[in-house]
Amino acid sequence: MSTPRSRTTAGTALWAALVILLGLLALAPTPAHAAPGASSPPAAAATGLHIDNGRLLEGNGNDFVMRGVNHAHTWYPGETQSLADIKALGANTVRVVLSDGHRWSRNSPEDVAAVIASCKANRLICVLEVHDTTGYGEDAAAGTLDHAADYWISLKDVLAGQEDYVIVNIGNEPWGNTDPAGWTAPTTAAIQKLRAAGLQHTIMIDAPNWGQDWQQVMRTNAQTVYDADPTGNLLFSIHMYSVFDTAAEITDYLNAFVDAGLPIVIGEFGGPADAYGDPDEDTMMATAEQLDLGYLAWSWSGNTDPILDLAIDFDPARLSSWGERIFHGVNGIAATAEEATVFGGTTPDTQAPTAPGTPTASGVSPTSVTLTWPAATDNTAVTGYEVVRVSGTTETAVASATGTSVTVSALSPGTAYTFAVYAKDAAGNRSARSATVTVTTERDTGTPGAGCAVGYRVVGEWPGGFQGEITVRNTGTAAVSGWTLGFAFPAGQTITNMWGGTPAQSGSSVTVAAASYTASIPVNGVVTVGFTGTKLTTNPAPTAFTLNGKGCTTGSS
12 MSTPRSRTTA
22 GTALWAALVI
32 LLGLLALAPT
42 PAHAAPGASS
52 PPAAAATGLH
62 IDNGRLLEGN
72 GNDFVMRGVN
82 HAHTWYPGET
92 QSLADIKALG
102 ANTVRVVLSD
112 GHRWSRNSPE
122 DVAAVIASCK
132 ANRLICVLEV
142 HDTTGYGEDA
152 AAGTLDHAAD
162 YWISLKDVLA
172 GQEDYVIVNI
182 GNEPWGNTDP
192 AGWTAPTTAA
202 IQKLRAAGLQ
212 HTIMIDAPNW
222 GQDWQQVMRT
232 NAQTVYDADP
242 TGNLLFSIHM
252 YSVFDTAAEI
262 TDYLNAFVDA
272 GLPIVIGEFG
282 GPADAYGDPD
292 EDTMMATAEQ
302 LDLGYLAWSW
312 SGNTDPILDL
322 AIDFDPARLS
332 SWGERIFHGV
342 NGIAATAEEA
352 TVFGGTTPDT
362 QAPTAPGTPT
372 ASGVSPTSVT
382 LTWPAATDNT
392 AVTGYEVVRV
402 SGTTETAVAS
412 ATGTSVTVSA
422 LSPGTAYTFA
432 VYAKDAAGNR
442 SARSATVTVT
452 TERDTGTPGA
462 GCAVGYRVVG
472 EWPGGFQGEI
482 TVRNTGTAAV
492 SGWTLGFAFP
502 AGQTITNMWG
512 GTPAQSGSSV
522 TVAAASYTAS
532 IPVNGVVTVG
542 FTGTKLTTNP
552 APTAFTLNGK
562 GCTTGSS
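In our numbering, the protein residues as written are 12 to 568.
Right, dumping it as structure tokens:
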């Protein structure tokens with residue numbers, strides 16, 4: 012998918028071209044560069060997962076067929092239980108969204124190592140992808156494949172020795188609809204750059220046209236690109252959404268690669284109908300099963316286009332109809348997935364980490380507090396911590412961290428809170444709770460001369476969801492340092508993701524605590540908060556806003 016917001020980010024140009032595309036496909040489909048009966052691809056160096064004769068094999072020669080889903084780790088790093096939940100539903104592979112820092116927060120080597128450890132602990136093959144490249148050439152915010160290649164090289168020490176378990180997907184949907192023929196050269200260069208740096212992993216490459224290759228660039232140039240990999244360990248990935256809404260289009264595309272002896276996987280696909288068409292997921296899954304090709308459904312949870320969530324709110328007990336189709340339907344994961352043999356004989360990790368030490372509080376303000384605690388230990392590795400607020404016998408999760416410190420925001424001034432911490436390991440085992448710490452936030456005495464004006468606008472809408480923007484202007488006579496914005500949605504809207512602030516929502520009431528980079532607002536200065544959310548049938552704007560408890564004037568941003 013294009014972004015954490017919705018599949019429509021692929022750009023209106025894609026959909027405007029569909030009518031032309033379908034007419035062209037009906038008249039003259041483009042053949043694969045290598046015709047049936049072409050010479051076999053180069054022999055692969057059998058280092059872990061590798062390609063041989065157009066098939067993805069394990070290091071021991073076992074044929075491996077991916078059956079799994081995508082997981083948006085870089086946008087939801089606290090959802091550390093997800094891989095265990097995905098495995099429990101039968102998957103053998105997970106494709107994990109990462110960022111090289113160009114567009115979103117860079118995933119550190121420590122974080123990537125923890126992801127790999129979690130995949131292995133849960134007996135999942137791990138496809139790692141950089142998402143920042145999405146739509147390059149059409150989306151001005153997208154990064155290059157060369158930048159993504161440098162990121163993978165920076166992770167060389169983390170990736171070394173993981174060839175049995177990890178596939179490197181250089182960049183997600185690394186070209187938009189603008190001059191898609193430009194995809195070939197930088198794709199080849201990125202492959203060769205990784206090989207020159209010594210990476211021996213199987214490399215997965217996505218198609219242009221936002222992954223859907225509707226202009227057949229990857230299909231036409233597949234053999235040329237494949238031959239550019241000196242190891243022969245290259246796997247092509249097609250993303251199938253509304254472009255692939257007929258059985259003929261799906262079977263023609265996949266069979267062209269199989270007939271040419273070139274390895275291919277459906278790296279993303281969606282099934283639910285949308286405003287642009289109705290993907291034929293039944294044919295996608297049936298053909299993948301018939302041809303023994305892998306597929307990875309989009310996506311586990313966290314989409315603001317809720318029809319694409321396989322699990323609602325990351326809860327494996329609340330599968331959507333799309334989730335039921337993928338996991339339990341005909342040709343679905345439960346019926347067709349086979350675990351990689353590299354995990355054979357491995358005893359599952361059932362030992363929980365020790366309890367973290369007692370947290371201590373610092374940096375107490377009217378709306379936030381920083382908590383720090385002594386680390387837990389584990390027989391394999393601690394991969395994260397969950398901070399909870401304790402009220403009697405009730406616990407509420409308030410923050411997560413990969414390290415031993417976190418700032419809890421969106422608190423109320425002059426209020427006592429009790430916190431505790433849990434540790435988790437790669438297999439999802441949870442420790443006993445730490446001892447608690449109680450802290451009282453400072454009273455909010457206000458800022459002398461403070462005043463505020465808030466603008467609110469809807470940037471874009473789609474069925475069931477929308478993107479919004481809030482601007483906060485300091486109209487007072489003194490700078491604002493640290494703030495909490497309050498408002499209420501009038502029609503059942505909910506925030507699903509936010510940048511520029513940290514949201515907390517209870518029913519219709521929303522509070523937003525400043526992010527570190529928006530906390531200071533000089534006199535007459537403005538900060539902007541963006542978010543995505545869900546909506547019902549209507550989407551009216553909030554009518555009133557407060558800043559640190561004081562009313563603001565309102566208007567359009």
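Glycine is no exception: its CB is placed at the ideal position from the N, C-alpha and C atoms.
Start and end residues, alpha helix (DSSP H) containing residue i
i, result
"W333", "332-339"
"L156", "156-165"
"T231", "228-238"
"I216", "Looking at the DSSP string, I216 is not in any alpha helix (DSSP H); the run it does join, the beta strand (DSSP E), is 214-217."
"Y287", "Unbroken run through Y287: none, as it is neither H nor E."
"T545", "Looking at the DSSP string, T545 is not in any alpha helix (DSSP H); the run it does join, the beta strand (DSSP E), is 537-545."
Exposure label - residue i; buried when at least 16 CB within 10 Å
i, result
"E349", "exposed"
"L7", "Outside the shown range of the chain, which is 12 to 568, sits residue 7, and nothing can be said about it."
"Q362", "exposed"
"G439", "buried"
"G335", "Correcting the residue type first, residue 335 is Glu in the shown sequence and not Gly. Classification for E335: exposed."
"N535", "exposed"
"S420", "buried"
"S416", "exposed"
"T294", "buried"
"N73", "exposed"
"R329", "exposed"
"E149", "buried"
"E292", "buried"
Under the three-state DSSP convention, the category residue i falls into
i, result
"I202", "helix"
"L94", "helix"
"E69", "coil"
"L32", "With a pLDDT of only 36 at L32, under 50, the local geometry of the prediction cannot be trusted, and the value read off the model is given with reservation. Three-state DSSP puts L32 in a helix."
"L139", "strand"
"E149", "coil"
"N550", "coil"
"C563", "coil"
"S416", "strand"
"S520", "strand"
"S376", "coil"
"T507", "strand"
"M77", "coil"
"P42", "Low per-residue confidence applies at P42: pLDDT is 33, beneath 50, and the placement is therefore not dependable, though the value from the model is reported in the following sentence. DSSP places P42 in coil when its eight states are reduced to three."
"T195", "helix"
"L265", "helix"
"V169", "helix"
"A297", "helix"
"V254", "coil"
"L558", "strand"
"A526", "coil"
"L319", "helix"
"V534", "coil"
Residue i vs residue j beta-carbon contact at 9 Å
i, j, result
"L307", "T104", "yes"
"D240", "I275", "no"
"G425", "R400", "no"
"I8", "A160", "With the chain covering 12 to 568 only, the question about residue 8 has no answer from this structure."
"S110", "H142", "yes"
"W221", "G282", "no"
"D303", "R66", "yes"
"N244", "T195", "no"
"W605", "D316", "Shown here, the chain extends from 12 to 568; a query on residue 605 therefore has no answer."
"A151", "E184", "no"
"Q226", "H250", "no"
"Q234", "A271", "yes"
"C137", "V169", "no"
"S248", "I277", "yes"
"E279", "W309", "yes"
The ligand MG heavy atom lying under 8 Å from the CB of residue i
i, result
"T91", "Ligands displayed in this structure: none; no statement on the ligand MG is therefore possible."
Unbroken beta strand (DSSP E) run spanning residue i, endpoints
i, result
"P514", "512-517"
"S248", "245-251"
"T429", "427-436"
"V276", "275-280"
"V398", "393-402"
Closer than 9 Å to chain D by CB, residue i
i, result
"E149", "Given the protein chain composition of this structure (a single chain), no chain D is represented."
The region 173-180 / the region 210-223 touching (three or more Cβ pairs under 8 Å): As far as the Cβ criterion goes, the region 173-180 touches the region 210-223, which means the pair count is three or higher.
The region 542-551 / the region 338-353 touching (three or more Cβ pairs under 8 Å): No, because fewer than three Cβ pairs between the region 542-551 and the region 338-353 fall closer than 8 Å, the two stretches do not touch.
Contact the region 111-128 vs the region 370-380: 3+ CB pairs below 8 Å: Put simply, the region 111-128 does not touch the region 370-380. Fewer than three CB pairs are less than 8 Å apart.
Sufficient close CB pairs (3 or more, under 8 Å) joining the region 492-502 to the region 397-416: Touching, no, given that fewer than three Cβ pairs across the two stretches are closer than 8 Å.
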